[in-house]
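A short worksheet on the structure shown next.
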Amino acid sequence: MAVGSGDCPDLRALCEHIGDCHRCPLGSTRTQVVFGSGDPRAELMFVGEAPGRNEDLEGAPFVGAAGRFLDELLQSIGLERSQVYIANVVKCRPPGNRDPLPLEIETCTPFLRRQMELIAPRVVATLGRFSAHWLLDTEVPISALRGRLYHVGDIRVVPVFHPAAALYDASKRDVLFEDFKRLRAVCDDRRDGATSASAQTPEAPLASGAAPAVQDRQPADLSDPASEAPGLSHGDPSQGALF
Ligand code: URA
Numbered sequence: 045m046a047v048g049s050g051d052c053p054d055l056r057a058l059c060e061h062i063g064d065c066h067r068c069p070l071g072s073t074r075t076q077v078v079f080g081s082g083d084p085r086a087e088l089m090f091v092g093e094a095p096g097r098n099e100d101l102e103g104a105p106f107v108g109a110a111g112r113f114l115d116e117l118l119q120s121i122g123l124e125r126s127q128v129y130i131a132n133v134v135k136c137r138p139p140g141n142r143d144p145l146p147l148e149i150e151t152c153t154p155f156l157r158r159q160m161e162l163i164a165p166r167v168v169a170t171l172g173r174f175s176a177h178w179l180l181d182t183e184v185p186i187s188a189l190r191g192r193l194y195h196v197g198d199i200r201v202v203p204v205f206h207p208a209a210a211l212y213d214a215s216k217r218d219v220l221f222e223d224f225k226r227l228r229a230v231c232d233d234r235r236d237g238a239t240s241a242s243a244q245t246p247e248a249p250l251a252s253g254a255a256p257a258v259q260d261r262q263p264a265d266l267s268d269p270a271s272e273a274p275g276l277s278h279g280d281p282s283q284g285a286l287f
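So for the sequence shown, our numbering puts the first residue at 45; every next one is plus one.
Okay, here's the thing in structure tokens:
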């Protein structure tokens, strides 16, 4: 069910609206809801998967090992946490850190959608497959989605590997640092107001209700953040130029 502006005109109201949530079964196993944190006016927002053990205990996103690596990645592009906003697809820890289930995602993402509307970021970096799949409405593996720039209405979406993946697979570390450099370039482009859209190809419309603030998702892929190439068909990133 959509969360409207009437119910939740700001983040505080949204957080109160979520309350001590038991709308899905995660409510009975988690310690606390992890709403999200950071600059409520951030131009850059990160969306992860779900709180883990540390987040569940502390009530803040990305405070464990993956979070420390995220801090490192942010630092590598001259940013700190206080300058961005971080949230997750689901706001309660799945038991044993299992993947969030479709029902849990369906129940929780209206809150994320409203959160995104309120923060109104220009750029969203999705961390891992769950947030990329939700935001881009695709099932394409994250390894194929990353390295490209997508559009969801006015929002630029940059899918990257989940930082936790680099903790288990060192080869992903360098890829993440590289992708963060590209992320920085995408952010700078927007901040400078230099619209780089030279050849966007409108793609298939999104499934209704799936998009956060806008309904006209355009997964156009770019070869370079400064010169957009014609996009691919939605869900077919295989032909797109990489950054
Ligand atoms: N992993 C996530 O996806 N989110 C968190 O908040 C922590 C770890």
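For each residue, glycine too, the CB sits at the ideal point set by N, CA and C. The structure presented is a predicted model; accordingly, all values stated were derived computationally and were not measured.
Length of the line joining the Cα atoms of residue 174 and residue 92: By 1-based counting over the sequence shown, the position of residue 174 is 130. By 1-based counting over the sequence shown, the position of residue 92 is 48. Their Cα atoms are separated by approximately 8 Å.
In the structure shown, what three-state DSSP assignment does residue 230 receive? The residue you call residue 230 lines up with position 186 of the sequence shown. Reduced to three states, the DSSP call for residue 230 is helix.
Does any C-beta atom of chain B lie closer than 7 Å to the C-beta of residue 46? The structure shown has no chain B; it contains just one protein chain.
Quick check: residue 231 and residue 158, are their CB atoms within less than 7 Å of each other? Looking up residue 231 in the sequence shown gives position 187. Looking up residue 158 in the sequence shown gives position 114. No, they are not a contact pair.
Measure the alpha-carbon distance for residue 172 versus residue 203 and round it to whole angstroms. Stepping through the sequence shown from its first residue, residue 172 is reached at position 128. Stepping through the sequence shown from its first residue, residue 203 is reached at position 159. Residue 172 and residue 203: Cα-Cα distance of roughly 7 Å.
Thinking just about the alpha-carbon of each residue, which of 198, 165, 151 and 191 is nearest to the one in residue 178? Within the sequence shown, numbered from 1, the residue matching residue 178 stands at position 134. Considering only alpha carbons, the answer is 151.
Quick one: is the Cβ of residue 110 within less than 6 Å of any heavy atom of the ligand URA? In the sequence shown, residue 110 corresponds to position 66, counting from 1. The answer is yes for residue 110.
Report whether the distance from the Cβ of residue 141 to the nearest heavy atom of the ligand URA is below 6 Å. Numbered from 1 along the sequence shown, position 97 holds the residue referred to as residue 141. Outside the cutoff, so no.
Looking at the strands, I want to know which residues DSSP matches up with residue 199. As a first step, residue 199 is located in the sequence shown; it is residue number 155 there, counting from the start. Bridge partners of residue 199: 196.
Residue 82 CB to nearest heavy atom of the ligand URA below 6 Å: Counted from its first residue, the sequence shown places residue 82 at position 38. It does not: the Cβ of residue 82 is nowhere closer than 6 Å to a heavy atom of the ligand URA.
Would you list the one or two residues that DSSP bridges to residue 90? What you label residue 90 is simply residue 46 of the sequence shown in a count that begins at 1. Residue 90 pairs with 130 and 169.
Could you say which of 139, 130 and 99 lies nearest to residue 72 if we only look at CA atoms? Locating residue 72 in the sequence shown gives position 28, where the first residue counts as 1. The residue with the shortest Cα to Cα distance from residue 72 is 139.
Please name the residue or residues paired with residue 204 in a DSSP beta bridge. Taking the sequence shown and counting its residues from 1, the one referred to as residue 204 is at position 160. Per DSSP, 171.
Using the C-alpha atoms, what's the distance from residue 225 back to residue 77? Residue mapping note: residue 77 aligns to position 33 of the sequence shown, counting from 1. Residue mapping note: residue 225 aligns to position 181 of the sequence shown, counting from 1. Taking the straight line from one Cα to the other gives about 32 Å.
Is residue 92 near the ligand URA, in the sense that its beta carbon is under 6 Å from a heavy atom of that ligand? As a first step, residue 92 is located in the sequence shown; it is residue number 48 there, counting from the start. Within the cutoff, so yes.
When you measure from the CB of residue 106 to every non-hydrogen atom of the ligand URA, does any distance come out below 6 Å? Translated into the one-based positions of the sequence shown, residue 106 becomes position 62. Checking the Cβ of residue 106 against the ligand URA gives yes.
Which of helix, strand or coil does DSSP assign to residue 81? Numbered from 1 along the sequence shown, position 37 holds the residue referred to as residue 81. Here residue 81 sits in strand by DSSP.
Please report the straight-line C-alpha distance between residue 193 and residue 228, rounded to a whole angstrom. Within the sequence shown, residue 193 is the residue found at index 149, counting from 1. Within the sequence shown, residue 228 is the residue found at index 184, counting from 1. If you take the alpha carbons of residue 193 and residue 228, they lie about 12 Å apart.
Three or more beta-carbon pairs under 8 Å between the stretch 55–71 and the stretch 127–146, yes or no? yes
Proximity test, residue 95 beta-carbon vs the ligand URA heavy atom, cut-off 6 Å: The count along the sequence shown starts at 1 and reaches residue 95 at position 51. Within the cutoff, so yes.
In chain order, what residues of the same chain have a beta carbon less than 8 Å from the beta carbon of residue 62, not counting five sequence neighbours either side? Taking the first residue of the sequence shown as 1, we reach residue 62 at position 18. Only 77, 79, 135 and 155 meet the Cβ criterion.
By how many angstroms is the C-alpha of residue 169 removed from the C-alpha of residue 220? Looking up residue 220 in the sequence shown gives position 176. Looking up residue 169 in the sequence shown gives position 125. So the alpha carbons of these two residues sit roughly 12 Å apart.
Report the option in 82, 59 and 100 whose CA atom is closest to the CA atom of residue 137. If you number the sequence shown from 1, residue 137 lands on position 93. With distances taken between Cα atoms, residue 137 lies closest to 100.
How should residue 275 be labelled, buried or exposed, when 16 other C-beta atoms within 10 angstroms of its C-beta is the threshold for buried? Position 231 of the sequence shown, counted from the first residue, corresponds to residue 275. Low confidence applies here, because residue 275 scores a pLDDT of 30, under 50, leaving its location unreliable; read the following figure in that light. Its Cβ being crowded by 16 or more others within 10 Å, residue 275 is buried.
Is it the case that the Cβ atoms of residue 211 and residue 109 are separated by a distance below 7 Å? Walking along the sequence shown from the start, residue 211 turns up at place 167. Walking along the sequence shown from the start, residue 109 turns up at place 65. Yes, they are a contact pair.
Whose C-beta lies closer than 7 Å to the C-beta of residue 117 among residues of the same chain, with five residues either side of it excluded? In the sequence shown, the residue the question calls residue 117 occupies position 73. For residue 117, where only same-chain residues beyond five positions count, the Cβ hits under 7 Å are 207, 220, 221 and 224.
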